[in-house]
Amino acid sequence: MLRQKKIKWNDNLLHTCDNRQPGTDKMKVAVSQILPKLKTLARFVALSFSFFLCLSNFRNPNLTKRSPSPFLSRFIAMEESFTDKTSVYDIKPLRTLKPVFPSGNHQSPPPFVCSPPFGPFPPGFSPFYPFTSSQPHTHNNSNPSSVTPLRSFRSDAEGSTPKRKTPKKLVRPDNVNFESGITSPERENGSRNLVTSVLTRYEALRRRFSQLEDAREAVSGINKRADLKAGSTCMSRGVRTNTKKRPGIVPGVEIGDIFFFRFEMCLVGLHSPSMAGIDYLLLKGDTEEEDTITIATSIVSSGYYDNEEGDPDVLVYTGQGGGNADKEKQTSDQKLERGNLALEKSLVRNSPVRVIRGLKEASPSVKIYLYDGLYEVKESWVEKGKLGHNTFKYKLVRAPGQPPAFSTWIGIQKWKGGLTSREGLILADLSSGVESIGVSLVNEVDDENGPGYFTYSTKVTYSESFKLTQPSTGCCDCSSSCKPGSLNCRCVRRNGGDYPYCGNGVLVSRKGMVYECSSSCPCLVCKLKVTQMGVKVKLEVFKTVDRGWGLRSWDPIRAGSFICIYAGEAKEKEQTMENDDYAFDTTRVYTAFKWNYERGLADEVDSEEVSEEPEMPLPLVISGKDVGNVARFMNHSCSPNVFWQPVSYEDNGQLFLHVAFFAVSHIPPMTELTYDYGVTRPSEAHNDNTLHGMKKCFCGSEYCRGSF
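1 is the number of the first residue of the sequence shown in the UniProt record's numbering; add one for each residue after it.
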C-alpha cells in the first residue's frame, strides 16, 4: 500500500508535466532522476539539524521549552513534503531526543564525548555520513605540550609597527651559504666599527642596485627603489647590528651621525620602523594594575605632521595618526594609542628618547636624517590642528652635556642666509671666484691670517718633460648623453660595460681607472663628466689646533660623492723636492680597504671580482705647493673619510689624468676631510732608511700608525 501511494504520487507529478508540455518524454525521465536526489538531500539536511539540536538539548535542557526556529521549520516542512508520513513509525519530536552512549557499567551518567569528524573515535562510536572517508587521516596527539598557548602570541602593542607580510625572496642556490661575518652577540649589540661596517656594506650594495636600475630605466623607463631592495637584502642576510631594542644610547651610533635612508637607521638599531615616526618598547609594569608598559625609544621629526622646530634644544613634536603623509595634512583626530601612548608613558617615567631630525637640503626630494642625541619628554597636551582635528603635542628638551648636532646645522643655515657672520672668517672666497662655490677661509684658533701664498687653480698642468700622450681610442658618438648600460657608447665600454656613476653622480665602485667623456665628445649634458664639473659642496679651509690648516664642508656629503681633484703641477718623481709638503705621490703604498659591494650579497657570485687598487699608466706626482686648489689643505689620517681614485679622459689625442677624491662614508657638516698619505716603498727609501721623511701623526685615530 505504501509503495502504491508513492508511485501514484510520482505518477501524478509526471502527469502534470505531461499536461504542461505534451509529448515530452525527456522531461519525464529528467524528473524521475532528479526527484530521488532531492528527497535524499532534504533528509540529510533535516538529520544534520536534528543532530546538532540533540547536542544543544543535552547541554541545555531548557531548550525543550522553546519552539523550533523558523529556519528549522522550513526544513521540516520540506522533509514532510517529500516523505510519506505513513512510512514513519513511532515518531518523536526532535527536541525530546537524547544522546545515546555506549553501554557500560557507569555509576553516573557518562560524560558527553566529543570527537573530531574524521576521528579518532572512542570505543563504541563510528563515523557517519558525510564524515566517512576512504582516505585514512593521521593524527599525532602524543605530545600535547607542543601546542602553542594563546599568551605566547605577540600582540600589536608589543612591537613598534605591524609589518606587512612579503613573499620570501628566492635565493640563488650558489648563495645559500652566504656568511655575513657578524656573530650572534655582535648582531645583538654593536660597536662603532661594526656600525660603520654595516653602513658601508649597505651603501655599497645600494649603489650597485641603483646602477642596475639606472640601466633598466634607460630601456623600460621604470626605476625601482634601490634603497629598499638593498635594505631588505641586508636584513634577510644578517648584515645588521643592535637588534636588541633598548632605550637610550645605541652602541656604535654617535651623536651627529647622518643617514640618507631610513633603512640605514633600521640596520644599526637606531630607529626600527621604516615608516612610522615613533618607535617604542614593551616593558614589565611596576604595579599589579599594569602588567606591561610601553615607552618610546626614538622618534623621527620628519615634518609630515606639522612639527614645530626652531630651538636647537627644544622640539615640539606632533603625535602620530590621523594624517596622510603623502598630502602632509591631518584628516581625523589622533588617538592615545601606540606611539602616542608610549610618549605619554615616557613622560611619566622620565625615560630618555632618541631624536632623529629629518632635514631637507637643496633638493626637496632628498631628506637627510641627523641623530641629535637624547631628549626628555617634559610636557604633553591636546590641541586643534590646522584643519580642526585633535592632535597630541609633546614638548621634548635635549639632555645637557651632549655634543652639538642640530644646533650646528642651524648655525650653518644662518651663515648661508647671511643672518649671522661666520666667526673667525678671514676670506669669504679663497679661490677668488675660480670655484663656482666659494671656499671660505677661517681661523678660530690663533691670529694667523692665512696660509702661504699660492696660485689657486682647478687644473693639472704638465711640464714639457712630462708627456702623457698615448694611442687615442677616440670618443663616443652619443648624441645627447651617454646612457647607462648602453654598449654602443665607447666610454661605457671602456668602463667594463657599466656606468661608473649613479644617476646623482655618486661613484659606484672603486676600480683601477675610471674613464670619463671629454669636451671632444658630442654629449654636452652627459653625466659621465663628474670630476670635470668642479666642486659641488661648500668647502671651508680652517686652522686646526695641532695640524696646521685643514679642510671641511658646510654641507653633508654622501658616501661616494665627488669632492674635488688634486690640482697642481704634474712632475717626474725625480723633479719633486724632498721638502715639498704639498706633493701627491701615486707611487706610495696605501693601506688597502674594502669599499665595493659584495658579490655574494648582491647574488653575483658568478661575476668577476673587480680590483679596487689604482692602476696608473705611469708614475704620477702632482705638486700643489705653488699652484693648487683646496685639496692641498687636506690632512692625513690613518682612518680617513676620503679616498682617491684615478680618473682619465682624452682630448685632442692627449690623455688627461687626474687624482679625484670621493667620500668613503656619509660625512656630517663641519667634519674634517682627510685621506691616507701613504708610505714610501722600501725600494725607494733614502739611503735604505725607511724612516726618512717620516712625520709624527696627530690624527687621533684608534688605528693610528704614529707617523706618515
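Quick reminder that beta carbons are idealized off the backbone N, C-alpha and C, glycines included.
Would you give the residue range spanned by the alpha helix (DSSP H) that residue i belongs to?
| i | result |
| --- | --- |
| T233 | 226-237 |
| P185 | 184-188 |
| W415 | 406-417 |
Residue i lies in the beta strand (DSSP E); which residues open and close that run?
| i | result |
| --- | --- |
| I426 | 425-427 |
| R349 | Careful: R349 lies outside any beta strand (DSSP E), inside the alpha helix (DSSP H) at 338-349. |
| R422 | Careful: R422 lies outside any beta strand (DSSP E) and carries neither H nor E. |
| F263 | Note, F263: premise wrong, no beta strand (DSSP E); alpha helix (DSSP H) at 262-267. |
| G550 | 549-553 |
| V630 | Counting along the chain, V630 falls outside any beta strand (DSSP E), and DSSP gives it neither H nor E. |
| Q402 | Where Q402 is concerned, there is no enclosing beta strand (DSSP E), given that its DSSP letter is neither H nor E. |
| R354 | 352-360 |
| C564 | 562-565 |
| Q654 | 654-663 |
| I622 | 621-623 |
| E540 | 539-543 |
| W644 | 642-651 |
| A296 | 292-301 |
| E278 | According to the sequence displayed, residue 278 carries Ile and not Glu. Residues 278-284. |
| F708 | Looking at the DSSP string, F708 is not in any beta strand (DSSP E), and its letter there is neither H nor E. |
| A583 | 583-585 |
| L441 | 440-442 |
| K335 | No beta strand (DSSP E) contains K335, which DSSP labels as neither H nor E. |
Is residue i near residue j, with beta carbons less than 7 Å apart?
| i | j | result |
| --- | --- | --- |
| A567 | G628 | yes |
| C482 | C489 | yes |
| H658 | I565 | yes |
| E672 | R599 | no |
| E203 | A663 | no |
| G438 | D429 | yes |
| V621 | V514 | no |
| L347 | V377 | yes |
| V355 | Y369 | no |
| I412 | W554 | yes |
| N635 | G700 | no |
| Q330 | L387 | yes |
| R206 | A230 | yes |
| D676 | T586 | no |
| V530 | G505 | yes |
| G181 | T241 | no |
| P267 | C234 | The question names Pro, but residue 267 in the sequence shown is Leu. Their beta carbons are under 7 Å apart, which means L267 touches C234 by this criterion. |
| G269 | V250 | yes |
| S509 | N579 | no |
My guess is that residue i and residue j are in contact by the Cβ rule of under 8 Å, so how many angstroms apart are they, rounded?
| i | j | result |
| --- | --- | --- |
| A399 | P352 | 6 Å |
| G373 | I255 | 4 Å |
| T408 | P669 | 6 Å |
| V442 | F542 | 5 Å |
| D313 | V397 | 6 Å |
| R588 | V679 | 6 Å |
| V316 | K395 | 5 Å |
| I293 | P247 | With 8 Å as the limit, I293 and P247 do not qualify as a contact, their Cβ atoms being about 12 Å apart. |
| C478 | P522 | 7 Å |
| Q334 | T420 | 37 Å between Cβ atoms; not a contact. |
Nearest to residue i by CA position, among the options, is which residue?
| i | options | result |
| --- | --- | --- |
| V630 | C699, Q645, Y582 | Y582 |
| C704 | Q645, K395, W644, C638 | C638 |
| H271 | T183, S301, G319 | S301 |
| G653 | G505, T183, S197, S519 | S519 |
| I258 | Y501, C491, A405, V492 | A405 |
| M265 | E217, F392, S298 | S298 |
| F633 | F661, P251, S332 | F661 |
| V253 | S332, V198, S431 | V198 |
| R262 | L359, S180, T318 | L359 |
| T243 | K536, E613, L194, N495 | L194 |
| P617 | Y649, K384, N641 | Y649 |
| K393 | E379, V250, Q532 | E379 |
| C697 | I667, P247, P640, D651 | P640 |
| T196 | S48, D580, T391, K594 | K594 |
| G323 | A276, E217, E344 | A276 |
| V535 | R208, G433, A46 | G433 |
| P484 | S210, T40, Q33, L41 | S210 |
| S665 | R357, D311, T420, L507 | L507 |
| S623 | E186, L336, S463 | S463 |
Nearest chain C C-beta to residue i closer than 7 Å, yes or no?
| i | result |
| --- | --- |
| I426 | In the displayed structure, chain C is absent; only one protein chain is listed. |
Taking the runs of the alpha helix (DSSP H) that are 4 residues or longer, which of them lie wholly in the UniProt domain "Pre-SET" (474-534)?
Within the UniProt domain "Pre-SET" (474-534), the complete alpha helix (DSSP H) runs of at least 4 residues are 490-494.
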